[in-house]
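Okay, so here's the structure we're looking at.
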Amino acid sequence: MSTSSLVIFNKPYGVQSQFRDDSNNNHATLSEYFTDKSLRVAGRLDATSEGLLILTDDGRVNKAITHPPKANAGRKQGKTYLVQVEGIPTPEQLSKLQKGVILKDGKTLPAEIKHVSEDELPMLLWQRDPPIRERKSVPDSWLMLTIYEGKNRQVRRMTAHVGLPCLRLIRWSVAGFELSDLAVGESIRVHLDSERCKQLGIFG
């Protein structure tokens with residue numbers, strides 16, 4: 002099998018997950034960060050969300066991440082988000098998020114959820130521009146949420162559904178690839194060995 006690789010990018014707030022500017026807004030595009038026109042996004046991230054974005058010029062890698070093969074059904078490719086929400090989550094709210102909530106486009110799959118302090122986050126936070134809105138009368142908190150599907154704006158809708166409006170959303174990992182200590186706006190290329198390809202469901 003030929004060598005496969007992907008690019009891990011720490012997408013800043015306000016950058017669209019596309020190269021062409023075809024919208025009527027002031028958001029930047031990936032063309033401001035990459036000149037390689039063969040790269041394609043493997044799993045979009047909203048302009049108002051931050052963090053891990055995977056790009057690749059290998060169609061097999063793209064498909065394995067965005068549409069995991071049925072052979073991997075028992076070990077689905079999870080996506081973990083660091084979610085800053087308004088309010089302090091109750092055990093009941095966390096339980097609802099874990100079991101799945103009913104949205105307009107159906108019930109979400111069971112998720113992994115943990116209420117964490119800022120000190121317990123797996124990375125040092127950078128200053129967002131613009132900063133989040135703050136209300137002195139309402140505290141905020143952080144959640145680590147892993148989902149196994151990709152409904153439109155799913156994480157924001159899930160937390161809002163249980164009464165925890167999302168203030169900031171950072172994607173930390175996708176299919177086992179983590180943001181680690183990559184600075185905002187920076188990227189790194191990762192070469193995939195045969196074992197990693199097998200884990201993704203890429204054979205031959």
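For the sequence shown, my numbering assigns the number 2 to the initial residue and increments by one for each residue that follows.
Here a beta-carbon is modelled for each residue, glycine too, at the ideal position from N, C-alpha and C.
So, helix, strand or coil for residue i, using DSSP?
i	result
LYS115	strand
VAL163	coil
ALA65	helix
GLU150	coil
VAL185	coil
ARG172	strand
VAL191	strand
LEU95	helix
GLY60	helix
LEU196	Sequence inspection shows Glu at residue 196; the Leu mentioned does not correspond to that position. GLU196: helix per DSSP, three-state reduction.
GLU179	strand
LYS105	coil
ALA74	Caution applies to ALA74, whose pLDDT of 46 falls short of 50 and renders its modelled position unreliable; the model cannot decide the point.
LEU201	helix
GLU51	strand
ARG157	helix
So residue i and residue j are supposed to be a Cβ contact under 8 Å. How far apart are they, rounded?
i	j	result
LEU46	ARG172	6 Å
HIS28	ALA43	Not a contact, Cβ separation roughly 20 Å.
LYS152	LEU104	7 Å
LEU98	MET159	6 Å
Distance check for residue j and residue i, CA to CA, integer angstroms please.
i	j	result
CYS167	VAL175	20 Å
HIS68	LYS137	42 Å
LEU54	GLY164	28 Å
ASN73	SER96	With a pLDDT of only 46 at ASN73, under 50, the local geometry of the prediction cannot be trusted, and no value is derived from it.
MET124	PRO131	20 Å
SER18	PRO92	34 Å
ASP1	ALA161	With the chain covering only 2 through 205, there is no way to say anything about residue 1.
ARG41	THR57	5 Å
GLU87	LEU122	17 Å
TRP127	PHE35	22 Å
GLN155	LYS108	11 Å
SER181	ASN25	33 Å
SER50	ARG157	10 Å
GLY52	ILE9	10 Å
ILE203	GLU135	45 Å
GLY1	ASP59	Here the chain covers residues 2 to 205 and nothing more, so residue 1 does not appear.
Would you list the residues sitting across from residue i in a DSSP beta bridge?
i	result
ASP141	GLU87
PHE35	Answer is none; PHE35 lacks a bridge partner.
ALA29	VAL16
TYR9	Checking the displayed sequence, the identity of residue 9 turns out to be Ile instead of Tyr. Answer is ILE55, ILE189.
THR207	A question about residue 207 goes unanswered here, because the residues of the chain that appear run from 2 up to 205.
ARG45	Paired residue(s): none; ARG45 is not in a bridge.
Is the CB-CB distance between residue i and residue j below 7 Å?
i	j	result
ASN11	GLU119	no
GLY79	THR147	yes
TRP143	GLN85	yes
ARG197	SER6	no
PRO90	HIS116	yes
GLU150	LEU110	yes
Taking 6 Å as the line, does the beta carbon of residue i fall inside it for any heavy atom of the ligand PLP?
i	result
THR147	Although the ligand PLP was asked about, the structure shown includes no ligands whatsoever.
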